[in-house]
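Novice:
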Amino acid sequence: MVYLSSKQGKEGEFLVSKDNLQELIIRTVSSTEELTLVRDLEKMVWASDDPVPVHQTLTVVKNGGMVIGAFLNNQLIGFQYSFPGFDGRKVYLCSHSMGIHPDYRKLGIGEKLKLKQREEARRLGYKLITWTYDPLETVNGYLNLTKLGAFCRTYVENCYGDMPDILNAGLPSDRFLVEWNPEQERSERALMEMGQNDPVTIQVDTESYVFPVPKNLILNENFSSFIWVPVPSAFQKIKLQDMKLALDWRLKTREVFTFYLNRGWVVTQLTKGNGPDIYYYGLKRVYN
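Quick note: the sequence shown uses our numbering, first residue 122, plus one each step.
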């Protein structure tokens with residue numbers, strides 16, 4: 122990998138920053154050659170030997186789906202893959218996967234890929250885009266809900282079964298199923314600020330241990346307006362060092378989310394907490 126900044130990092134490596142992404146190109150991908158690059162990047166990002174085959178992505182882009190690539194200096198550094206979905210009533214775009222090369226993460230490339238996806242979805246006439254993500258992955262949550270304006274009203278337990286890849290191995294693959302209206306801008310939905318007296322649905326100990334530990338759950342059908350669900354900010358680090366604690370977070374947040382989503386609440390945003398260890402999902406009640 123070529124590092125592009127003039128600022129040197131550890132052991133003489135050159136670091137990438139937003140300042141040197143002016144030449145970044147986001148565009149659709151349709152050739153066999155470039156779809157092969159997408160396949161190879163997917164293998165690398167997930168450390169998996171089971172990527173989506175080129176013949177499938179090639180068929181998808183010819184039949185209402187899309188693959189979008191992020192290119193820097195003619196090198197593929199990110200991708201997004203979507204295909205048409207149908208639930209018996211309506212057609213929608215199912216956004217299946219997005220991957221960014223590790224050297225280029227946290228530079229806003231994922232957001233650029235999603236905005237290009239929205240543009241292409243509008244062009245093709247889609248009125249809805251859906252996808253899943255792990256609610257304990259706060260980087261994804263902040264992008265999907267807070268920045269893009271998607272929302273979640275469906276929690277899927279162990280959505281994909283056991284997953285052996287480096288990001289998912291060892292835990293149930295629970296997911297949020299999010300919905301995104303490609304015609305709606307983020308600015309059209311106001312974000313709520315967390316009030317001092319707002320209900321928080323999991324008591325968390327952030328003082329006694331290395332990582333935050335979930336304690337008592339607060340499951341109350343009589344809450345109104347807006348509630349908050351805390352999640353750890355560094356879930357992958359917890360997994361690496363304390364799998365038992367990671368499972369505790371998975372099961373406790375599963376119980377809270379299923380309780381409230383099954384009672385008419387919708388997840389609308391992810392907000393940073395006062396400290397570095399906790400984020401808060403904001404849930405709004407939309408029906409009784």
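For each residue, glycine too, the CB sits at the ideal point set by N, CA and C.
Computed from a predicted structure; not experimentally measured.
1. Over the uninterrupted beta strand (DSSP E) stretch that includes residue 190, give me the two end residues.
2. Nearest to residue 194 by alpha carbon, out of 143, 169, 210, 211?
3. By DSSP, does residue 351 sit in helix, in strand, or in coil?
4. So residue 348 packs on residue 322, CB below 8 Å; how close in whole Å?
5. For a quick check, are the C-beta atoms of residue 346 and residue 296 less than 8 Å apart?
6. Any contact of the segment 230-243 with the segment 201-210, i.e. 3+ C-beta pairs under 8 Å?
7. Rounded to the nearest angstrom, what separates residue 126 and residue 288 at their Cα positions?
8. For residue 146, does the count of other Cβ atoms within 10 angstroms reach 16, so buried, or fall short, so exposed?
9. Identify the continuous beta strand (DSSP E) that holds residue 176 and give its terminal residues.
10. Buried or exposed: residue 281, going by 16 or more other Cβ atoms within 10 Å of its Cβ?
11. Quick check for students: name the residue ranges of the alpha helix (DSSP H) that lie wholly in the segment 289-367, counting only runs of 4 or more.
12. Checking 8 Å against the spacing of the C-beta atoms, do residue 331 and residue 402 come in under that value?
13. With DSSP as the reference, label residue 231 as helix, strand or coil.
14. Quick check: the Cα distance between residue 305 and residue 255, rounded to an integer number of angstroms?
15. Alpha carbon to alpha carbon, how far is residue 340 from residue 273?
16. Could you tell me which residues DSSP puts in a beta bridge with residue 249?
17. With a 10 Å radius around its C-beta and 16 neighbouring C-beta atoms as the bar for buried, classify residue 329 as buried or exposed.
18. If you draw a straight line from the C-alpha of residue 386 to the C-alpha of residue 378, how long is it?
19. Pick out whichever of 250, 257, 364 has its Cα sitting closest to the Cα of residue 303.
20. Please indicate yes or no: does the CB of residue 294 lie closer than 7 Å to some heavy atom of the ligand FAD?
Specialist: Put simply:
1. In the sequence shown, the residue the question calls residue 190 occupies position 69. Counting along the chain, the beta strand (DSSP E) containing residue 190 begins and ends at 187-193.
2. Translated into the one-based positions of the sequence shown, residue 194 becomes position 73. Measuring from the Cα of residue 194, the nearest candidate turns out to be 143.
3. Position 230 of the sequence shown, counted from the start, is the residue given in the question as residue 351. For residue 351, the three-state secondary structure derived from DSSP is strand.
4. Position 227 of the sequence shown holds residue 348. Position 201 of the sequence shown holds residue 322. With a Cβ gap of about 6 Å, residue 348 and residue 322 count as contacting.
5. What you label residue 346 is simply residue 225 of the sequence shown in a count that begins at 1. What you label residue 296 is simply residue 175 of the sequence shown in a count that begins at 1. Not closer than 8 Å, so no.
6. Pairwise C-beta distances place the segment 230-243 in contact with the segment 201-210, as three or more of them are shorter than 8 Å.
7. Taking the sequence shown and counting its residues from 1, one reaches residue 126 at position 5. Taking the sequence shown and counting its residues from 1, one reaches residue 288 at position 167. Note that residue 126 has pLDDT 30, beneath the 50 cutoff, so the model's placement of it is unreliable and no number is given.
8. Taking the first residue of the sequence shown as 1, we reach residue 146 at position 25. Using a 10 angstroms sphere on the CB of residue 146, the tally of other CB atoms stays under 16, which defines it as exposed.
9. Mapped onto the sequence shown, residue 176 falls at position 55. Under the DSSP assignment, residue 176 falls outside any beta strand (DSSP E), being part of the alpha helix (DSSP H) whose first and last residues are 175-182.
10. As a first step, residue 281 must be located in the sequence shown, where it is residue number 160. It counts as exposed.
11. Positions of the alpha helix (DSSP H) runs, each at least 4 residues long and wholly inside the segment 289-367, are given as 356-362 in order along the chain.
12. Your numbering for residue 331 matches position 210 in the sequence shown. Your numbering for residue 402 matches position 281 in the sequence shown. Against a cut-off of 8 Å, the Cβ pair of residue 402 and residue 331 comes out as no contact.
13. Stepping through the sequence shown from its first residue, residue 231 is reached at position 110. In the structure shown, residue 231 adopts helical secondary structure according to DSSP, grouped into three states.
14. In the sequence shown, counting from the first residue as 1, residue 305 sits at position 184. In the sequence shown, counting from the first residue as 1, residue 255 sits at position 134. Rounded to whole angstroms, residue 305 to residue 255 spans 23 Å at the Cα level.
15. In the sequence shown, the residue the question calls residue 340 occupies position 219. In the sequence shown, the residue the question calls residue 273 occupies position 152. Annotation: residue 340 to residue 273 spans about 19 Å, alpha carbon to alpha carbon.
16. Working through the sequence shown from its first residue, we reach residue 249 at position 128. The partner list for residue 249 (beta bridge, DSSP) is empty, contrary to what the question assumes.
17. Counted from its first residue, the sequence shown places residue 329 at position 208. Exposed is the label assigned to residue 329, since fewer than 16 other Cβ atoms lie within 10 Å of its Cβ.
18. On the sequence shown, position 265 is the one that residue 386 refers to. On the sequence shown, position 257 is the one that residue 378 refers to. Rounded to whole angstroms, residue 386 to residue 378 spans 9 Å at the Cα level.
19. Here residue 303 refers to the residue found at position 182 when the sequence shown is read from its first residue. Proximity to residue 303 across 250, 257, 364 peaks at 250, based on C-alpha coordinates.
20. Of the ligands one can find in the structure shown there are none, so the ligand FAD has no counterpart to examine.
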